[in-house]
Amino acid sequence: MTKPEKLKRKDYEERLEPLQRELASMARWAAHTNQRILVLIEGRDTAGKGGVIDAISAHINPRQCRTVALPKPSERERSQWYFQRYVPHLPAAGEIVLFDRSWYNRAGVEKVMGFADDKQVKAFLKQAPVFEKMLVDDGILLFKYWLCCDQDEQEKRFAERREDPLKGWKLSPIDIDARAKYDEYTKAREAMLKATHTDYAPWTLVDFNDQKRGRLTMIRDLLDRLPDTQIKPEPVDFPPLPGKPKKERYSVVKPLQTVE
Numbered sequence: 001m002t003k004p005e006k007l008k009r010k011d012y013e014e015r016l017e018p019l020q021r022e023l024a025s026m027a028r029w030a031a032h033t034n035q036r037i038l039v040l041i042e043g044r045d046t047a048g049k050g051g052v053i054d055a056i057s058a059h060i061n062p063r064q065c066r067t068v069a070l071p072k073p074s075e076r077e078r079s080q081w082y083f084q085r086y087v088p089h090l091p092a093a094g095e096i097v098l099f100d101r102s103w104y105n106r107a108g109v110e111k112v113m114g115f116a117d118d119k120q121v122k123a124f125l126k127q128a129p130v131f132e133k134m135l136v137d138d139g140i141l142l143f144k145y146w147l148c149c150d151q152d153e154q155e156k157r158f159a160e161r162r163e164d165p166l167k168g169w170k171l172s173p174i175d176i177d178a179r180a181k182y183d184e185y186t187k188a189r190e191a192m193l194k195a196t197h198t199d200y201a202p203w204t205l206v207d208f209n210d211q212k213r214g215r216l217t218m219i220r221d222l223l224d225r226l227p228d229t230q231i232k233p234e235p236v237d238f239p240p241l242p243g244k245p246k247k248e249r250y251s252v253v254k255p256l257q258t259v260e
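Numbers 1 to 260, taken from full-length UniProt numbering, label the letters of the sequence shown in order.
Encoded structure:
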């Protein structure tokens, strides 16, 4: 089967705009109904997690839609129940929370890179479905996505990060070490899916070899799995000003001169 050509930016933006309108309506619906929406976005390094999160959240009030990307745990957090550090970041009524990596770090990078031992990983794979059942039973709408990326495409993206000073911050020593462990990550992912793909909290895999098509596919799937979220925005009364529009006036500090 021949893969479609990579989507050009203009076509991508034309397809993305109506989806973002639906996402904005979804946010109004969540606020109106007090729904709690939780989206876990996992995948290999360079898969495109940040890009799809940006596309989802771009036109939603940041007070309502939060992105969670936790750093490595502190000494204190390492002494806690594993899921404990994630609980404070769960959504409250009307909120949408997007996890850029989640508790599944334990079954992925921590396992492959040796930050968690076999006993810890085994315990996690047993406890994760129980933890997620509690979330779903309490009414949280939970969605779990894994973004798929072939190794040749991953190598291109690593090289781009190395050469582009605007993307260099994305390239860490762990990323460099992980390059040679593609098969180990595949094995860890398959074990994770086998243990944690459940009827109440299933995994959805999305091809992100073309990140633009991947974003469109994932957002469409997310919207399709929600109830009817079409809520018209409340009309805003916008009366005319009482007089002519005023210009800014400054008496203490002057603004910077604009760039030519």
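Here a beta-carbon is modelled for each residue, glycine too, at the ideal position from N, C-alpha and C.
On a predicted model such as this, the values are computed, not experimentally measured, just so you know.
- Inclusion of L147 and E42 in the CB contact set at 9 Å is warranted, their separation being smaller than that value.
- Secondary structure note for F143: its beta strand (DSSP E) is the uninterrupted segment 141-148.
- In the three-state reduction of the DSSP assignment, V39 falls in the strand class, which pools E and B.
- A Cβ-Cβ distance of about 20 Å is found for the pair G108 and Q211, leaving them out of contact under the 8 Å criterion.
- Taking C-alpha positions only, L7 is separated from R213 by approximately 7 Å.
- Using a Cβ distance threshold of 9 Å, E77 and R85 count as a contacting pair.
- Approximately 6 Å separates the beta-carbon atoms of P233 and R28; this is inside 8 Å, confirming the contact.
- Here the segment 237-251 makes no contact with the segment 173-187; the two share fewer than three CB pairs at distances below 8 Å.
- By the C-beta criterion, the segment 197-205 is judged to be in contact with the segment 125-143, since at least 3 inter-stretch pairs fall below 8 Å.
- In its chain, beyond the 5 residues on either side, D45 have a beta carbon closer than 6 Å to the beta carbon of D175.
- T198 sits in coil when the DSSP states are folded into three classes, being neither helix nor strand.
- In terms of Cβ geometry, I53 and L23 do not form a close pair [threshold 9 Å].
- Taking 9 Å as the cut-off, the beta carbon of I219 is found closer than this to the beta carbon of I56.
- Ranked by Cα distance from P173, the options K187, Y185, F158, L166 are led by F158.
- Counting the other Cβ atoms within 10 Å of the Cβ of L222 gives 16 or more, which makes it buried.
- Per the DSSP secondary-structure output, V68 pairs in a beta bridge with F99.
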